[in-house]
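Novice: Here you go, one structure.
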Amino acid sequence: MRLDPQGSLPLILRQSDRGENFVLYEDNSMVIFACDRNLSVSNQCEHWFMDGTFSICPKDYYQLFTVHGMFSDQIVLLVYGLFIGKDTNDYDNFFQQLLLKYDYEPESILVDFESATLKSTKSIFPDAIQIGCLFHFGQCLWRENEREKLMALAFVPVADVIKAYSCLINDFDDDDNPLLDYFERVWVGQKKGRGLCH
């Protein structure tokens with residue numbers, strides 16, 4: 001993606017195929033693409049689905065972040081964002097720019113388990129049900145360690161997760177386990193300890 005001499009996106013990238021303005025926001029850290037029609041549709045969507053990808057991103061950007069919505073029983077791509085980073089401030093800025101157009105109140109938001117994305121969506125959309133993607137959950141656990149039964153916790157009723165987790169960790173060999181430290185820090189939220197299974 002080449003910028004013009006003034007450092008802006010070329011006209012072909014600034015308009016939709018219908019000739020609508022397609023750049024919602026741009027600064028040195030991000031570009032948000034969405035036409036007014038897509039923003040209006042996203043305001044009608046109760047269920048949002050978000051994902052970031054790092055492997056197919058234009059030079060000079062770190063990730064492509066997308067927001068999809070459930071509209072007329074279809075999942076439609078509504079907003080694109082190119083970010084130079086992936087911290088909570090990046091996501092906060094992205095969502096705050098969207099909120100300048102509409103007072104979005106999605107009922108649910110499905111996201112991958114990127115901690116900065118989760119933190120931002122919980123902060124910006126506190127009334128939305130946060131749903132994690134099972135595929136990404138499994139990927140994260142698989143990367144940390146290819147053993148143990150922690151992924152099965154995704155199928156335990158929410159009210160029973162802590163008890164089930166406590167039962168599972170009784171099978172671990174030692175208290176100083178990097179996998180458990182990671183799992184508690186990222187997924188459980190605090191150190192739960194052993195021996196709580198009864």
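Using UniProt numbering, read the sequence shown as starting at 1 and increasing by one per residue.
Ideal placement from N, C-alpha and C gives every residue a C-beta, glycine not left out.
Is the beta carbon of residue 42 less than 7 Å from the beta carbon of residue 69?
Specialist: yes
Novice: Quick check for students: name the residue ranges of the beta strand (DSSP E) that lie wholly in the UniProt domain "MULE transposase" (48–137), counting only runs of 3 or more.
Specialist: 63–71, 74–83, 108–111, 129–132
Novice: Does the beta-carbon distance from residue 62 to residue 85 come in below 7 Å?
Specialist: yes
Novice: Please return the same chain residues whose Cβ sits closer than 6 Å to the Cβ of residue 45, not counting the five positions on each side in sequence.
Specialist: Same-chain partners within the cutoff: 69, 70, 71.
Novice: In three-state DSSP terms, what is residue 22?
Specialist: coil
Novice: Taking the straight line between their C-alpha atoms, what separation do you get for residue 53 and residue 65?
Specialist: 6 Å
Novice: So the alpha helix (DSSP H) residue 183 belongs to, where does it begin and stop?
Specialist: Per DSSP, residue 183 belongs to the alpha helix (DSSP H) from 178–183.
Novice: Could you check the C-alpha separation between residue 160 and residue 188 for me, to the nearest Å?
Specialist: Answer to the nearest angstrom: the Cα atoms are 12 Å apart.
Novice: What's the C-alpha gap between residue 102 and residue 78?
Specialist: Roughly 14 Å between the two C-alpha positions.
Novice: Specify the secondary structure class of residue 161 as computed by DSSP and reduced to three states.
Specialist: helix
Novice: Evaluate residue 183 with the Cβ neighbour count: other Cβ atoms within 10 Å of its Cβ, from every protein chain shown; 16 or more gives buried, anything less gives exposed.
Specialist: Buried.
Novice: Can you tell me whether residue 188 is helix, strand or coil according to DSSP?
Specialist: helix
Novice: Evaluate contact between the stretch 85–96 and the stretch 20–33, counting only Cβ atoms and requiring at least three cross-stretch pairs below 8 Å.
Specialist: Contact between the stretch 85–96 and the stretch 20–33 is present, because at least three Cβ pairs lie under 8 Å.
Novice: Would you report the Cα separation of residue 23 and residue 56, rounded to the nearest angstrom?
Specialist: Rounded to whole angstroms, residue 23 to residue 56 spans 20 Å at the Cα level.
Novice: Would you identify the three-state DSSP class for residue 31, choosing helix, strand or coil?
Specialist: strand
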